[in-house]
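Below: the structure, in structure tokens.
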Amino acid sequence: MLAKPSSRRDFLRISGMLATGGGLVLSLSGCQQAADSASEAMSNGEGPRILTDAERRTLEAFSDRILPPDGDAPGATALGAVVFMDHYAAERTDILEGLRYGLQVLDEQVQAAHPGVDGFAALDGDAMDAIVRGLEQDAPDAFGALRTLVVFGAFAAPAHGGNRDKGGWALLGYDDRHVWQPPFGFYDAEATSGGDQ
Amino acid sequence: MSPRVPGTALSRRAFLSAATPPAVTFQTSDEVDFVVIGSGAAGGTMARELSQAGFTVVVLEQGPYRRAADVSHDELAISMDVALQGDEPQTFRSTADDDAQPAATPFHPAHYARTVGGSSTHFTANYWRFRPIDFKERSVLGAIPGTALADWPISYEELEPYYTKVDWEVGVSGAPGPNDPARSRPYPHPPLPVKSSGVLFERGAKKLGFEPHIAPMAILSEPRPGRGACAHCGACMGYMCEMNAKSSTLATMIPEAEATGRCEIRAESTVHRIELNDAGRVREVVYFDKDGRVQAQAAKAVVLCANGAETPRILFMSESSRFPQGLSNGSGMVGKHLMFNGGSLVNAWFEEPLNEYKSQGVTRICTDWWDTDPKRGFYGGGGLDGRQIYNGPLLFALAGIPQDDPQWGLEYRRALAHQFNRSMQVLSHTTSLPLETNTVTLDPELKDRFGRPVLRITYKDHPDDLAMMRYLQDRGAEIMDAAGATRVWKEPVNEQNVGFHLLGTCRMGNDPATSVVDKYHRSHEVPNLFICDGSSLVTSGRGQPTMTIQALAFRAAEHIVGFAKRGEI
Chain A
416 MLAKPSSRRD
426 FLRISGMLAT
436 GGGLVLSLSG
446 CQQAADSASE
456 AMSNGEGPRI
466 LTDAERRTLE
476 AFSDRILPPD
486 GDAPGATALG
496 AVVFMDHYAA
506 ERTDILEGLR
516 YGLQVLDEQV
526 QAAHPGVDGF
536 AALDGDAMDA
546 IVRGLEQDAP
556 DAFGALRTLV
566 VFGAFAAPAH
576 GGNRDKGGWA
586 LLGYDDRHVW
596 QPPFGFYDAE
606 ATSGGDQ
Chain B
148 MSPRVPGTAL
158 SRRAFLSAAT
168 PPAVTFQTSD
178 EVDFVVIGSG
188 AAGGTMAREL
198 SQAGFTVVVL
208 EQGPYRRAAD
218 VSHDELAISM
228 DVALQGDEPQ
238 TFRSTADDDA
248 QPAATPFHPA
258 HYARTVGGSS
268 THFTANYWRF
278 RPIDFKERSV
288 LGAIPGTALA
298 DWPISYEELE
308 PYYTKVDWEV
318 GVSGAPGPND
328 PARSRPYPHP
338 PLPVKSSGVL
348 FERGAKKLGF
358 EPHIAPMAIL
368 SEPRPGRGAC
378 AHCGACMGYM
388 CEMNAKSSTL
398 ATMIPEAEAT
408 GRCEIRAEST
418 VHRIELNDAG
428 RVREVVYFDK
438 DGRVQAQAAK
448 AVVLCANGAE
458 TPRILFMSES
468 SRFPQGLSNG
478 SGMVGKHLMF
488 NGGSLVNAWF
498 EEPLNEYKSQ
508 GVTRICTDWW
518 DTDPKRGFYG
528 GGGLDGRQIY
538 NGPLLFALAG
548 IPQDDPQWGL
558 EYRRALAHQF
568 NRSMQVLSHT
578 TSLPLETNTV
588 TLDPELKDRF
598 GRPVLRITYK
608 DHPDDLAMMR
618 YLQDRGAEIM
628 DAAGATRVWK
638 EPVNEQNVGF
648 HLLGTCRMGN
658 DPATSVVDKY
668 HRSHEVPNLF
678 ICDGSSLVTS
688 GRGQPTMTIQ
698 ALAFRAAEHI
708 VGFAKRGEI
């Protein structure tokens with residue numbers, strides 16, 4: 416979906432489109448193959464696949480600015496977001512292009528603000544946040560592409576390489592049990608136990 | 148994630164088709180009674196009705212034959228990756244004056260599922276009936292300048308027995324609403340259990356004096372033979388259902404068609420042309436098989452049920468010296484009057500957990516705004532439902548936090564953690580006016596992998612359609628405020644560039660000059676060609692068209708069987 420890097424605005428438009436009919440697409444091919452490949456590689460103890468060491472360093476630092484650790488709870492990098500990106504981009508040239516486009520713009524902003532510095536990851540936290548803020552405002556396409564991949568890496572099914580130990584789902588309070596009985600939430604429990612229904 | 152069969156998609160399919168061979172196989176040179184093109188809400192129903200009536204049927208479906216073991220709950224695969232709406236591009240433009248461009252969005256402009264069972268396998272399963280007014284709005288309201296608003300050639304009363312047939316044959320769960328049209332039998336299954344989104348929607352709507360009611364859903368609240376009740380897994384909108392609780396044609400009509408021994412579902416068969424004989428009658432359907440080879444299936448008659456985008460595309464591709472504008476298009480009406488329905492979205496946060504990721508989508512709706520009200524100052528009507536569209540982790544993390552709030556950093560993280568289970572939305576479902584300028588045509592340049600011209604969608608919402616979306620969005624926001632939401636915000640309402648409902652492009656009518664098929668879905672120009680799907684609709688209803696498409700298919704099938712038995716095809 417990142418053949419053209421998507422901005423926040425584009426994504427919202429897409430999200431709005433989801434609303435209009437409730438139709439989403441069945442896909443068992445592209446992503447499924449990526450997931451098969453990622454889980455196979457991980458179970459074989461295989462490491463990174465397509466990203467360079469420098470790209471991974473930058474993405475790890477960037478991922479933890481997007482979704483930082485909170486106390487003892489892991490941030491996106493510890494959740495495996497960059498492992499996810501490495502496997503996902505290795506299977507999908509459109510994703511790799513979007514990712515590298517984002518990294519290139521990010522790098523340009525780093526060099527413009529801090530000439531000669533050894534990449535985004537070499538900055539301190541405040542300096543990194545200033546760069547991310549600038550990217551979000553001035554280059555929403557690049558920001559959107561990278562942020563979307565961080566989100567995928569933190570919250571997609573663990574078979575894709577991220578969301579380690581379902582830690583991203585634990586953050587949200589999402590339980591992938593897939594069989595439930597009512598009551599489902601507070602308000603229906605309240606209503607069906609003699610509340611306002 | 149659901150269990151996966153190891154291997155690639157292709158090997159899974161091979162494994163499955165080896166395990167469950169088709170009930171019957173026809174040679175392409177065998178002249179079958181009917182070829183049905185498409186296997187969705189209309190095509191699947193047509194196949195079952197025609198084969199049960201004793202006729203031989205080949206269904207040509209371009210998508211693969213997925214079964215329960217192929218169902219995935221993987222949000223990245225289902226909600227984000229769009230590979231299996233097909234790799235084939237489509238182009239989009241707002242008006243004929245614009246250049247059509249390949250869509251820059253993940254969703255195709257004419258969005259539908261390519262799989263046996265069609266979009267009935269992945270839809271949300273709202274099964275609203277249209278109401279008497281929907282069939283005669285032109286007479287009641289008068290002409291609307293600049294539009295092609297027209298009466299249907301049939302009435303609600305004529306269609307009612309077939310709505311009831313849908314209820315009972317496929318399984319619909321629900322209870323009558325306060326303003327429902329007359330129905331000849333009650334719902335076959337009780338309502339699905341209410342969710343917190345339904346409770347809050349109902350609470351807010353009642354406080355404002357509206358009449359919310361139970362949503363009719365094509366999802367089983369109790370088992371039927373061979374099918375389980377809804378397990379409330381939550382992977383529903385956009386996902387296939389391995390419980391067979393969602394009443395798709397894959398779960399209902401298609402197994403019954405195959406069980407007759409007279410119906411072959413020929414998956415991965417992509418139709419290119421419908422060919423005529425010298426007498427101007429359909430003789431065969433030319434298609435590409437799964438290996439890309441050209442095949443031609445001979446048939447006594449053809450029923451085209453490919454959806455409101457692919458049906459006109461096939462007719463255009465079937466142009467000939469007899470039909471230079473496209474098959475059955477002497478009127479020039481094929482591909483015109485495309486209608487998407489409208490939708491607008493209100494987000495709301497609440498104090499306590501709703502846990503909307505559980506169970507199916509919609510449990511309460513309100514349809515108080517169905518009729519056009521002159522006081523509003525524009526044409527249109529619609530309804531609202533309460534649900535959470537961003538009910539998966541990825542959708543919520545990408546789109547669930549208000550745009551004005553931080554979209555990254557610690558505050559973003561904490562908002563996600565607190566709000567994922569405390570959020571819902573109100574979604575509107577509204578009218579689209581039929582416009583000659585909203586069309587499906589063939590792209591003049593872009594070709595698919597078979598060399599067929601791809602779909603070109605030209606679409607611009609009528610100002611009244613946008614006004615109706617905004618009007619109901621405001622009502623939705625009021626309802627959420629009244630329900631006690633801690634925060635309410637509206638998503639922008641813009642002109643649509645993606646349609647999930649593909650309606651109106653081969654409209655039915657009594658006048659061959661202004662319609663493509665007659666009231667029995669027979670082509671005005673080709674006696675053994677029938678067309679029945681979303682393209683048949685004359686008006687758009689108030690969203691949720693699938694129930695009506697399926698009722699039309701039952702009704703059309705009954706007449707086609709009668710014609711065939713009397714030798715009138």
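Residue numbers (my numbering), protein chains in the order written: chain A, 416 to 612; chain B, 148 to 716.
Note that CB positions come from ideal geometry on N, CA and C, so glycine has one too.
Would residue 336 (chain B) pass as an interface residue toward chain A - the criterion being a Cβ-Cβ separation below 8 Å?
As a working note, residue 336 (chain B) is residue 189 in the second sequence. With 8 Å as the cut-off, residue 336 (chain B) does not count as an interface residue toward chain A.
So, at 6 Å on beta carbons, what are the nonlocal neighbours of residue 212 (chain B) in its own chain, with the 5 sequence-adjacent residues on each side left out?
What you label residue 212 (chain B) is simply residue 65 of the second sequence in a count that begins at 1. Correct list, in chain order: 263, 414.
Neighbourhood of residue 376 (chain B) by C-beta, 8 Å cutoff - its chain only, sequence neighbours within 5 removed
Taking the second sequence and counting its residues from 1, the one referred to as residue 376 (chain B) is at position 229. Once the five neighbours on either side are set aside, the close Cβ partners of residue 376 (chain B) are 367, 368, 369, 370, 390, 392.
With a threshold of 8 Å between beta carbons, is residue 340 (chain B) in contact with chain A?
The sequence position of residue 340 (chain B) within the second sequence is 193, counting from 1. Taking Cβ atoms only, chain A reaches closer than 8 Å to residue 340 (chain B), which makes this a yes.
For residue 575 (chain B) versus residue 531 (chain B), is the C-beta distance shorter than 8 Å?
Working through the second sequence from its first residue, we reach residue 575 (chain B) at position 428. Working through the second sequence from its first residue, we reach residue 531 (chain B) at position 384. It is a contact, given that the beta carbons lie within the stated cut-off.
Pick from B:181, B:525, B:248 that is closest to residue 404 (chain B), judged by C-alpha positions
Numbered from 1 along the second sequence, position 257 holds the residue referred to as residue 404 (chain B). Ranking the options by Cα distance to residue 404 (chain B), first place goes to B:181.
Using a threshold of 8 Å, state whether the C-beta atoms of residue 681 (chain B) and residue 455 (chain B) are closer than that.
What you label residue 681 (chain B) is simply residue 534 of the second sequence in a count that begins at 1. What you label residue 455 (chain B) is simply residue 308 of the second sequence in a count that begins at 1. Yes.
Identity of the residues DSSP links to residue 364 (chain B) by a beta bridge:
Your numbering for residue 364 (chain B) matches position 217 in the second sequence. In the DSSP output, where bridge partners are listed per residue, residue 364 (chain B) has B:273, B:320.
Over what stretch of residues does the alpha helix (DSSP H) that includes residue 458 (chain B) continue unbroken?
As a first step, residue 458 (chain B) is located in the second sequence; it is residue number 311 there, counting from the start. Its alpha helix (DSSP H) spans residues 457-464.
Run down chain A in chain order and give the residues with a C-beta less than 7 Å from the C-beta of residue 319 (chain B).
Within the second sequence, numbered from 1, the residue matching residue 319 (chain B) stands at position 172. Correct list: empty, because the minimum Cβ distance to chain A is about 17 Å.
What residues in the region 196-211 of chain B have a beta carbon less than 8 Å from any beta carbon of chain A?
none
Sequence ranges, beta strand (DSSP E) only - wholly within the region 595-627 of chain B, length at least 3
600-605
Against chain A, with Cβ distances strictly below 8 Å, would residue 248 (chain B) count as a contact?
By 1-based counting over the second sequence, the position of residue 248 (chain B) is 101. Not an interface residue.
To be precise: take each residue of the region 590-609 of chain A, compare its Cβ to all Cβ atoms of chain B, and keep it if any distance is under 9 Å. Which residues remain?
590, 591, 592, 593, 594, 595, 596, 597, 598, 599, 600, 601, 602, 603, 604, 605, 606, 607
Checking 8 Å against the spacing of the C-beta atoms, do residue 499 (chain A) and residue 582 (chain A) come in under that value?
For this step, residue 499 (chain A) is matched to residue 84 along the first sequence. For this step, residue 582 (chain A) is matched to residue 167 along the first sequence. The answer is no: Cβ separation not under 8 Å.
If you compare alpha carbons, which of B:280, B:642, B:364 is closest to residue 267 (chain B)?
In the second sequence, the residue the question calls residue 267 (chain B) occupies position 120. Looking at the Cα atoms, B:364 is the closest of the given residues.
Would residue 430 (chain B) and residue 422 (chain B) be called neighbours here (beta carbons separated by less than 8 Å)?
As a working note, residue 430 (chain B) is residue 283 in the second sequence. As a working note, residue 422 (chain B) is residue 275 in the second sequence. Yes, these two residues count as a Cβ contact at 8 Å.
Identify every run of the beta strand (DSSP E) within the region 529-601 of chain A, keeping only runs that are complete inside it and at least 3 residues long; order them along the chain.
none
Neighbour list for residue 522 (chain B) in chain A, Cβ cutoff strictly below 8 Å
Residue 522 (chain B) sits at position 375 when you count from the first residue of the second sequence. Within chain A, no residue comes near residue 522 (chain B); the closest Cβ sits about 26 Å away, beyond 8 Å.
Classify residue 701 (chain B): buried if its beta carbon has 16 or more other beta carbons within 10 angstroms, exposed otherwise.
As a first step, residue 701 (chain B) is located in the second sequence; it is residue number 554 there, counting from the start. Residue 701 (chain B) is buried by the Cβ-count criterion.
Counting only Cβ pairs nearer than 7 Å, list the residues of chain B close to residue 404 (chain A).
Only positions 416 to 612 of chain A appear in this structure, which leaves residue 404 (chain A) out of reach.
Below 8 Å, how does it come out for the region 320-331 of chain B and the region 273-283 of chain B: are there three or more Cβ pairs, yes or no?
yes
What would DSSP say about residue 465 (chain A), mapped onto helix, strand or coil?
What you label residue 465 (chain A) is simply residue 50 of the first sequence in a count that begins at 1. Correct three-state label for residue 465 (chain A): coil.
Under 8 Å, CB to CB, which of the residues in the region 481-510 of chain B have a partner in chain A?
487, 488, 489, 490, 491, 492, 497, 499, 500, 501, 502, 503, 504, 505, 506, 508
Contact criterion: CB-CB distance below 8 Å. Does residue 182 (chain B) meet it with respect to chain A?
One-based indexing of the second sequence puts residue 182 (chain B) at position 35. Chain A contact via Cβ: absent.
Between residue 454 (chain B) and chain A, is any beta-carbon pair separated by less than 8 Å?
One-based indexing of the second sequence puts residue 454 (chain B) at position 307. No, its Cβ sits nowhere closer than 8 Å to a Cβ of chain A.
Contacts that residue 568 (chain B) makes with chain A (C-beta to C-beta distance below 7 Å):
The sequence position of residue 568 (chain B) within the second sequence is 421, counting from 1. Going along chain A in sequence order, the residues near residue 568 (chain B) (Cβ under 7 Å) are 588.
Out of curiosity, what's the CA-to-CA distance linking residue 537 (chain B) and residue 586 (chain A)?
Here residue 537 (chain B) corresponds to residue number 390 of the second sequence, with the count starting at 1. Here residue 586 (chain A) corresponds to residue number 171 of the first sequence, with the count starting at 1. Residue 537 (chain B) and residue 586 (chain A): Cα-Cα distance of roughly 16 Å.
What does residue 299 (chain B) pair with, by DSSP beta-bridge criteria?
Working through the second sequence from its first residue, we reach residue 299 (chain B) at position 152. BP columns for residue 299 (chain B) are empty, so no partner.
Alpha-carbon spacing of residue 593 (chain A) relative to residue 409 (chain B), whole angstroms:
Reading the first sequence from its first residue, position 178 is the one you call residue 593 (chain A). Reading the second sequence from its first residue, position 262 is the one you call residue 409 (chain B). Going from the Cα of residue 593 (chain A) to the Cα of residue 409 (chain B) covers about 37 Å.
Candidates B:582, B:315, B:269, B:188: which alpha carbon is nearest residue 334 (chain B)'s?
Translated into positions along the second sequence, residue 334 (chain B) becomes position 187. Checking every option, the nearest Cα to that of residue 334 (chain B) belongs to B:315.
Which of helix, strand or coil does DSSP assign to residue 491 (chain A)?
Reading the first sequence from its first residue, position 76 is the one you call residue 491 (chain A). In the structure shown, residue 491 (chain A) sits in coil (DSSP, three-state: anything other than H, G, I, E or B).
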